[in-house]
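Asker:
Residue numbers (our numbering): 151 to 484.
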């Protein structure tokens, strides 16, 4: 009977090849055990990548929506904060002007025209706010402030109402100027009349933020504050009693304006609520898809650990055989 044996060189090559294969398996199983995912995706999917590709594409789309959602949340939050400052300024000034007009509590001390000018500067600064260089209340003209500084606005209104015989006439002339397209909209407002494009937060959900500094509620606020700032201006020529009357009219107007501002802020609050709901739904969908992808590509930790232990045992056995084979020689055999 013939026996077949391997030469020393062939046997060395065979042991090396087996060693390389075992070490590759060891590396693969170690990676799978540490990452929890299979290394050979093609084998797991049997060559059909359609389902996995669809999941990964959907996850990428949802991540894009997540960026848009974060931007929308940031923008609406900044707008809400700015309008809160505007409303608080208008409310406090309205109370001060009503007290200055004379009433049950008497006339308050201090120059109410200066007070109104100070509040006007704060209101304009709030409406000219921007985030990351993007103006909040200028529509699509996000590269610049929508309103001029307080001194410029006061100068424009002074020209429009100068020479009016009574405080009521002065306030009416100011209202005409603010409502006239050739007045405030053309001379003071430098933003765009086009609203920002809606934010796409999902395949079917869009939210719009059409609040600009030329909004009627904001123009009404600016009108009363600006006229109050001109209360003691020589161009109007009002005496103390007429100034008190003017402060009373503008104070009542500012208090009446509070409902409009509240409605404006409520509309932003509604948008914020929608954004939160859409964000939560997108997050739930993203979590579900990630779970499906992980389940598809997950490596069984128990099976992987068992196979890893088996490979380690075979590799150690191979090393032992290799060492013993290298120690064989004719002298030891004889």
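Here a beta-carbon is modelled for each residue, glycine too, at the ideal position from N, C-alpha and C.
Could you check which residue in 290, 390, 333 and 432 has the C-alpha nearest to that of residue 217?
Answerer: 432
Asker: Measure the C-alpha to C-alpha separation of residue 347 and residue 439 and round it to an integer number of angstroms.
Answerer: 29 Å
Asker: By alpha-carbon positions, which one of 362, 337 and 332 ends up nearest to residue 345?
Answerer: Nearest neighbour of residue 345 by Cα position, chosen from 362, 337 and 332, turns out to be 362.
Asker: Please list, in chain order, all residues of the same chain as residue 297 whose beta carbon is under 6 Å from its beta carbon, the five residues on each side excluded.
Answerer: Spatial neighbours of residue 297 in its own chain (CB-CB distance under 6 Å, excluding positions within 5 residues in sequence) are listed in chain order as 274, 277, 278 and 363.
Asker: So what does DSSP say about residue 350, is it helix, strand or coil?
Answerer: strand
Asker: If you measure between the beta carbons of residue 335 and residue 343, is that distance less than 9 Å?
Answerer: yes
Asker: Within 10 Å of its beta-carbon, does residue 339 have 16 or more other beta-carbons around it, so buried, or fewer, so exposed?
Answerer: So residue 339 ends up on the buried side.
Asker: Which value, in whole angstroms, describes the spacing of the CA atoms of residue 319 and residue 236?
Answerer: Cα to Cα, the separation comes out at about 26 Å.
Asker: Applying the 10 Å Cβ sphere with the 16-neighbour rule, what's the burial state of residue 416?
Answerer: Looking at its Cβ environment, which holds fewer than 16 other Cβ atoms inside 10 Å, residue 416 is exposed.
Asker: What is the DSSP secondary structure of residue 284, counted as helix, strand or coil?
Answerer: strand
Asker: Distance check for residue 411 and residue 396, CA to CA, integer angstroms please.
Answerer: 22 Å
Asker: Measuring alpha carbon to alpha carbon, tell me which of 272, 322, 456 and 399 ends up nearest residue 249.
Answerer: 399
Asker: Taking the alpha helix (DSSP H) that residue 333 falls in, what are its first and last residues?
Answerer: Run containing residue 333: none; DSSP gives neither H nor E here.
Asker: Using a Cβ-Cβ cutoff of less than 6 Å, which residues in the same chain neighbour residue 358 once the five nearest sequence positions on both sides are dropped?
Answerer: 348
Asker: Could you tell me the alpha carbon to alpha carbon distance between residue 350 and residue 212, rounded to whole angstroms?
Answerer: In this model, residue 350 and residue 212 are separated by some 11 Å (Cα to Cα).
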